[in-house]
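Asker:
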Amino acid sequence: MPVPLLVFLHGLGQTPQTWQEQVTALPAGTKAVAPWLEGCRPGASVPFEVGRAADAVLAQLNRFGVDQVALCGTGLGAVVATEAAIRSPQAVSHLVLHAGVVHTPRLAATVQRLALKAIPAARFAEAGVDRAKLNVLLDALFAVDFRGRLGGITAKTLVIQGGADKANAPGAAALAEGIPGARLASVSGAGPAVYAEAPEAFNELLYGFLA
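Using our numbering, read the sequence shown as starting at 47 and increasing by one per residue.
So, in structure tokens, the structure goes:
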């Protein structure tokens, strides 16, 4: 695989372990890392901010002594990967996006906030989730607006979409349409977590794209 470094970026409310199925299937000789998104690690001293998280991802180049990275992100991780590819086009050779967004309409954001507010506090406590921190992450996600910025991405881009995932379909289509030369791949029957629901199909797409 010609990619010098592959960086996996987890989604909202997830951990680096999200990518276990992909890491265990790494092709021989592939160097990969799955860091916490800056500001998402439990006990993080700084709040999450998309730009700050993207800069932290780009810092992996210096850490590993490479000139370029391939980024694979889901959800919030896809947002951070997209921002990194916009900020530093020359540093990102490949971009693999799953469940990403270009822009969240105000009505959709309001509906999701109300749905979150309706969940009893006890449910969050049982799951070990910090409700206040989750709200901060959602605010950052809903503030994302890549409209008019995607044209600056030069990375080879693959957008992966679950065939049964209707909620994320508009975002996938918008990313594939907005990023120059991007390819959209749909995995039949898969929902909003293709990497976990259909790991073999996801890995075939991912590693075939990077080869």
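Virtual Cβ for every residue (Gly too), placed ideally from N, Cα, C.
1. Any contact of the stretch 65–77 with the stretch 91–107, i.e. 3+ C-beta pairs under 8 Å?
2. Express the C-alpha separation of Val112 and His144 in angstroms, rounding to a whole number.
3. Would Val233 and Gln207 be called neighbours here (beta carbons separated by less than 9 Å)?
4. Where does Val205 sit, in a helix, a strand or coil, going by DSSP?
5. Taking only three categories from DSSP, how would you classify Ala236?
6. Contact check, Ala116 vs Ser139 under 8 Å by CB: the rounded distance?
7. Which runs of the alpha helix (DSSP H) fall wholly inside the stretch 60–131 and span at least 4 residues, in chain order?
8. Out of curiosity, what's the CA-to-CA distance linking Ile199 and Pro88?
9. Could you give the DSSP three-state label for Ala219: helix, strand or coil?
10. Take Gly224 as the anchor and find which of Phe94, Ala210, Gly146, Asp185 has the nearest alpha-carbon.
11. Please go through the same chain and pick out, in chain order, the residues whose beta-carbon is closer than 8 Å to the beta-carbon of Arg195, but skip the five residues on each side of it.
12. Indicate, with yes or no, if the ligand MG has a heavy atom lying under 8 Å from the CB of Val69.
13. For Phe248, does the three-state DSSP call read helix, strand or coil?
Answerer: Checking against the coordinates, here is how it stands:
1. no
2. Rounded to whole angstroms, His144 to Val112 spans 25 Å at the Cα level.
3. Cβ atoms of Val233 and Gln207: closer than 9 Å.
4. When secondary structure is reduced to three states using DSSP, Val205 falls in the strand class.
5. coil
6. Correct: roughly 6 Å between the Cβ atoms.
7. Complete alpha helix (DSSP H) runs here, min 4: 66–69, 96–104, 106–110.
8. 31 Å
9. Looking at Ala219 - three-state DSSP - the assignment turns out to be helix.
10. Per the Cα distances, Gly146.
11. Ile132
12. With respect to the ligand MG, the structure offers nothing, as it holds no ligand at all.
13. The answer is helix: DSSP assigns Phe248 an H, G or I state.
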